[in-house]
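Participant: Here's a structure for you.
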Amino acid sequence: MAGVNDKVAKLEARDLDVTFRSGRDVVRAVRGTSFAVAEGESFGIVGESGSGKSTVLRAICGLAPVSGGTIKLDGRDLPNPRDAAFYRQVQMVFQDPYASLHPRHTIDGVLSEPLAIHGFDNREERIEKALTDVGLGSDFRFRFPHQLSGGQRQRVAIARALILEPSVLLLDEPTSALDASIQAEVLNLLDGLRSARGLTYVMVSHDLAVVAHMCDRLVVMQHGRQVEELTRAALQAHRAETDYTRQLLAASEGYTPA
Amino acid sequence: MSLLSVENLRVTFPTRQGPSEVVRGVTFELGRERLGIVGESGSGKSQTGRAILGLTPPPGKATADRLEFDGIDLRNASARTWRSLRGSRMSMVMQDPKYSLNPVMTIGRQLIEALRYSGGGAAKAEAMAMLEAVQIRDPERVFRAYPHELSGGMGQRAMIAMMLVTKPDLLIADEPTSALDVTVQVEVLRILDGLVRDRGMGLIFISHDLRLVSSFCDRVLVMYAGRVVEELDARDLSKAQHPYTRGLMNCLPKIDDDQRPLPVLERDAAWLE
Numbered sequence: 010m011a012g013v014n015d016k017v018a019k020l021e022a023r024d025l026d027v028t029f030r031s032g033r034d035v036v037r038a039v040r041g042t043s044f045a046v047a048e049g050e051s052f053g054i055v056g057e058s059g060s061g062k063s064t065v066l067r068a069i070c071g072l073a074p075v076s077g078g079t080i081k082l083d084g085r086d087l088p089n090p091r092d093a094a095f096y097r098q099v100q101m102v103f104q105d106p107y108a109s110l111h112p113r114h115t116i117d118g119v120l121s122e123p124l125a126i127h128g129f130d131n132r133e134e135r136i137e138k139a140l141t142d143v144g145l146g147s148d149f150r151f152r153f154p155h156q157l158s159g160g161q162r163q164r165v166a167i168a169r170a171l172i173l174e175p176s177v178l179l180l181d182e183p184t185s186a187l188d189a190s191i192q193a194e195v196l197n198l199l200d201g202l203r204s205a206r207g208l209t210y211v212m213v214s215h216d217l218a219v220v221a222h223m224c225d226r227l228v229v230m231q232h233g234r235q236v237e238e239l240t241r242a243a244l245q246a247h248r249a250e251t252d253y254t255r256q257l258l259a260a261s262e263g264y265t266p267a
Numbered sequence: 254m255s256l257l258s259v260e261n262l263r264v265t266f267p268t269r270q271g272p273s274e275v276v277r278g279v280t281f282e283l284g285r286e287r288l289g290i291v292g293e294s295g296s297g298k299s300q301t302g303r304a305i306l307g308l309t310p311p312p313g314k315a316t317a318d319r320l321e322f323d324g325i326d327l328r329n330a331s332a333r334t335w336r337s338l339r340g341s342r343m344s345m346v347m348q349d350p351k352y353s354l355n356p357v358m359t360i361g362r363q364l365i366e367a368l369r370y371s372g373g374g375a376a377k378a379e380a381m382a383m384l385e386a387v388q389i390r391d392p393e394r395v396f397r398a399y400p401h402e403l404s405g406g407m408g409q410r411a412m413i414a415m416m417l418v419t420k421p422d423l424l425i426a427d428e429p430t431s432a433l434d435v436t437v438q439v440e441v442l443r444i445l446d447g448l449v450r451d452r453g454m455g456l457i458f459i460s461h462d463l464r465l466v467s468s469f470c471d472r473v474l475v476m477y478a479g480r481v482v483e484e485l486d487a488r489d490l491s492k493a494q495h496p497y498t499r500g501l502m503n504c505l506p507k508i509d510d511d512q513r514p515l516p517v518l519e520r521d522a523a524w525l526e
């Protein structure tokens, strides 16, 4: 894979299969996906609903059953179930900030829980700093999620993920529940945090333009399979190899009469 | 002659802090064309669409200086007048088929109910033809299916079929494609486009997606905090004057233009005036 052959990839999935079974029904949500993400790189996964793009992230996190293939972090196989050391390194931001924050916990509660679990010191300062880093003042600290707008909630979700100082962030459609103007703010925030801290991102989205903006490299998924891998430059030059990617590209430019 | 004229439309909801006006004096005319209403959440775009159909949820109240559909005054329309208009002459497609279709009725029965027949050969034939018209490949199966047996895209098409089977003159589509995948979205828009062209239907297309609306509609109203801040021809969108419209356009990431950080929309309190 381009650019990562010379050293060990930060995060690598090889021939990843995820199969859900319920009774006689078998759903192969992810079939043989492989990719490698270098340290400090931002990698995108694009696809439509049911393509298995979110399932890949959930499988990395240990939230979906891996039925085949391997996932490696820093060249080492991941323990199953994932241990605390893994979550220190890898954190996830979910799609819907209205659903991913506990409605009856204050922001302070949301942010102090991971610190308590992982036994961090200086919790006061860390919480204050995490809130400042995502552009929220400390006066947000004792509010409840319902007292925040969607964009502010997603900032809290990002602060929650970053408070453990992980090196990898898994971003599952972090802006698709937000208005366009708020999306721009959150994307800028994520972009800035990555360059300031050298974070590695794996970002999933159905929006090709968002992924093209955020990621250096991306794969396109359809029906659980990897259809194509592209660099940002190839995408900008509209050098797509498969019909499906070309369709996605055309659709991202708005409506064209038949 | 215009199909719909709206003058100084206001929608108010009572709150504990006194009445809150969510639509504040919207005025526009609609012919047999595709009109887009764009705005972010809370801009009042959906409430505008609902008020036109007399569907402002209580305790909200809608008032207007003029609200006329094809010469009929809708402001104090009787229940009988509304019954003769809604569904048959003006109808609405909602955002999410999951919440707008009856979960315990088959698609076929809902379509026939929309046609207000007791059920029979002709009504079924018409319903089937409509399902085919919205590009459903296996109309026989969809006709017999319950909403949960259909995918999101299919459900949305079934709902569009239901709204169009009565051949309305005016269709209000509230984010009709937001829950759909982009490739399906294009198909649904083609269906709507065809209906405007072939049948001369008037379409109000409500969406948060400025890029989509500008490529699909003839004319665009941009709403901010309950007001229309700008009205312009869709093809002139790049020449928009209002800072809000320009800000909305600029803050979208673009594939071929690698600008970072993305320009952020600075809201100006003066826009509220």
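Sequence lines, in order, name chains R and U.
Going by my numbering, the first residue of the first sequence is number 10, and it counts up by one from there.
Going by my numbering, the first residue of the second sequence is number 254, and it counts up by one from there.
Glycine included, each C-beta is placed from N, C-alpha and C at the ideal position.
Predicted, not measured: the structure shown is a model, and the values here were computed from it.
Do you know offhand how far Leu157 of chain R's Cα is from Glu194 of chain R's?
Facilitator: Their backbone Cα atoms lie some 16 angstroms apart in a straight line.
Participant: Identify the contact partners of Asn197 of chain R in chain U, using a Cβ-Cβ distance below 8 angstroms as the criterion.
Facilitator: Residues of chain U passing the Cβ test: Arg513, Pro514, Leu515 and Val517.
Participant: Shorter than 8 angstroms from the beta carbon of Arg472 of chain U to some beta carbon of chain R?
Facilitator: With 8 angstroms as the cut-off, Arg472 of chain U does not count as an interface residue toward chain R.
Participant: Can you look up Gly201 of chain R in the DSSP assignment and give me helix, strand or coil?
Facilitator: Three-state result, Gly201 of chain R: helix.
Participant: Between the C-alpha atoms of Val481 of chain U and Ser258 of chain U, what's the straight-line distance to the nearest angstrom?
Facilitator: Going from the Cα of Val481 of chain U to the Cα of Ser258 of chain U covers about 15 angstroms.
Participant: Pull out every residue of the region 477-502 of chain U whose Cβ sits closer than 8 angstroms to any Cβ of chain R, in chain order.
Facilitator: For the region 477-502 of chain U, which is checked against every Cβ of chain R, the residues closer than 8 angstroms are Gly500 and Leu501.
Participant: Indicate whether Cys224 of chain R and Gly59 of chain R have their beta-carbon atoms separated by less than 8 angstroms.
Facilitator: Cβ atoms of Cys224 of chain R and Gly59 of chain R: not closer than 8 angstroms.
Participant: With DSSP as the reference, label Asn503 of chain U as helix, strand or coil.
Facilitator: In this structure, Asn503 of chain U counts as helix in the three-state DSSP scheme.
Participant: In whole angstroms, give me the CA-to-CA distance for Gly118 of chain R and Ala186 of chain R.
Facilitator: Approximately 23 angstroms between the Cα atoms of the pair.
Participant: Ser273 of chain U CB to nearest chain R CB: under 8 angstroms?
Facilitator: Cβ-Cβ to chain R under 8 angstroms: no for Ser273 of chain U.
Participant: Excluding five sequence neighbours on each side, which residues of the same chain lie with their C-beta closer than 6 angstroms to the C-beta of Leu417 of chain U?
Facilitator: For Leu417 of chain U, where only same-chain residues beyond five positions count, there are no Cβ hits under 6 angstroms.
Participant: Drop a sphere of 10 angstroms on the beta-carbon of His401 of chain U, count the other beta-carbons inside from all chains shown, and report buried for 16 or more, exposed for fewer.
Facilitator: His401 of chain U comes out exposed.
Participant: Starting from Ser273 of chain U, trace the beta strand (DSSP E) both ways and give me its first and last residue.
Facilitator: Gly271 to Leu283 is the span of the beta strand (DSSP E), which, as asked, contains Ser273 of chain U.
Participant: Quick check on the burial criterion: 16 or more other C-beta atoms within 10 angstroms. Buried or exposed for Ile500 of chain U?
Facilitator: The question names Ile, but residue 500 of chain U is Gly in the sequence shown. Buried is the call here.
Participant: Between the region 239-265 of chain R and chain U, which residues of the former have CB atoms less than 9 angstroms from a CB of the latter, in chain order?
Facilitator: Result list: Arg241, Leu244, Gln245, Ala246, His247, Tyr253, Gln256, Leu257, Leu258, Ala259, Ala260, Ser261, Glu262, Gly263, Tyr264 and Thr265.
Participant: Return the Cβ separation of Gln100 of chain R and Ala170 of chain R in integer angstroms, given the expectation that the two are a contact with Cβ distance under 8 angstroms.
Facilitator: Confirmed, about 4 angstroms.
Participant: Could you name the residues of chain U that Val219 of chain R contacts, counting a contact when the two beta carbons are closer than 8 angstroms?
Facilitator: What Val219 of chain R touches in chain U: Pro506.
Participant: So which residues on chain R does Gln438 of chain U lean against when the C-beta distance must stay under 7 angstroms?
Facilitator: Near Gln438 of chain U (Cβ distances below 7 angstroms), the residues of chain R are Ala260.
Participant: What residues from the region 446-462 of chain U come within 7 angstroms of chain R, judged by C-beta to C-beta, listed N to C?
Facilitator: Within the region 446-462 of chain U, the qualifying residues are Asp446 and His461.
Participant: Name the two residues that bound the continuous alpha helix (DSSP H) containing Asp451 of chain U.
Facilitator: Residues Val435 to Arg452.
Participant: Taking just the CA atoms, how far does Tyr477 of chain U sit from Trp524 of chain U?
Facilitator: Roughly 8 angstroms between the two C-alpha positions.
Participant: Here's the rule I'm using: 16 or more other beta-carbon atoms within 10 Å means buried, otherwise exposed. How should Gly373 of chain U be labelled?
Facilitator: For Gly373 of chain U, the predicted model reports a pLDDT of 46, less than 50, meaning its position is unreliable; a value from the coordinates is still stated below. Its Cβ having fewer than 16 others within 10 Å, Gly373 of chain U is exposed.
Participant: Just to confirm my understanding: we take Ala93 of chain R, look at its own chain, exclude 5 residues before and 5 after, and list those with CB closer than 8 angstroms. What are they?
Facilitator: The answer, listed in chain order, is Ile126 and His127.
Participant: Helix, strand or coil for Met476 of chain U, going by three-state DSSP, please let me know.
Facilitator: DSSP places Met476 of chain U in strand when its eight states are reduced to three.
Participant: Quick one: which residues of the region 173-198 of chain R get their C-beta closer than 7 angstroms to a C-beta of chain U? List them in chain order.
Facilitator: Result list: Asp188, Ala189, Ser190, Ala193, Glu194, Leu196 and Asn197.
Participant: According to DSSP, what are the bridge partners of Phe275 of chain R?
Facilitator: With chain R covering 10 to 267 only, the question about residue 275 of chain R has no answer from this structure.
Participant: Using DSSP with H/G/I as helix, E/B as strand and the rest coil, what is Leu308 of chain U?
Facilitator: Leu308 of chain U falls in the coil class under three-state DSSP.
Participant: Indicate whether at least one CB of chain U lies closer than 8 angstroms to the CB of Ser58 of chain R.
Facilitator: So, interface residue.
Participant: So what's Tyr370 of chain U in DSSP terms, helix, strand or just coil?
Facilitator: Confidence is the limiting factor: at Tyr370 of chain U the pLDDT is only 47, short of 50, which leaves the residue's position unreliable, though a coordinate-based value still follows. DSSP places Tyr370 of chain U in coil when its eight states are reduced to three.
Participant: I'd like to know if Ser200 of chain R contacts chain U, where contact means its C-beta is closer than 8 angstroms to some C-beta of that chain.
Facilitator: Residue identity check: residue 200 of chain R is Asp in the sequence provided, not Ser. Chain U contact via Cβ: present.
Participant: For a test of the three-state rule: what should DSSP assign to Tyr96 of chain R, helix, strand or coil?
Facilitator: Looking at Tyr96 of chain R - three-state DSSP - the assignment turns out to be helix.
Participant: Quick one: list the residues of chain R neighbouring Arg464 of chain U, beta-carbon separation under 8 angstroms, in chain order.
Facilitator: Here the neighbours are Glu262 and Gly263.
Participant: Give me, in chain order, the residues of the same chain whose beta-carbon lies closer than 8 angstroms to that of Ser491 of chain U; leave out the 5 immediate sequence neighbours on both sides.
Facilitator: Excluding residues within five positions, the ones whose Cβ falls inside 8 angstroms are Met502.
Participant: So for Lys314 of chain U, helix, strand or coil by DSSP?
Facilitator: Three-state result, Lys314 of chain U: strand.
Participant: Would the beta-carbon of Thr28 of chain R fall within 8 angstroms of that of Pro74 of chain R?
Facilitator: Contact flag set, yes.
Participant: Look up Val35 of chain R in the DSSP assignment and say whether it is helix, strand or coil.
Facilitator: In this structure, Val35 of chain R counts as strand in the three-state DSSP scheme.
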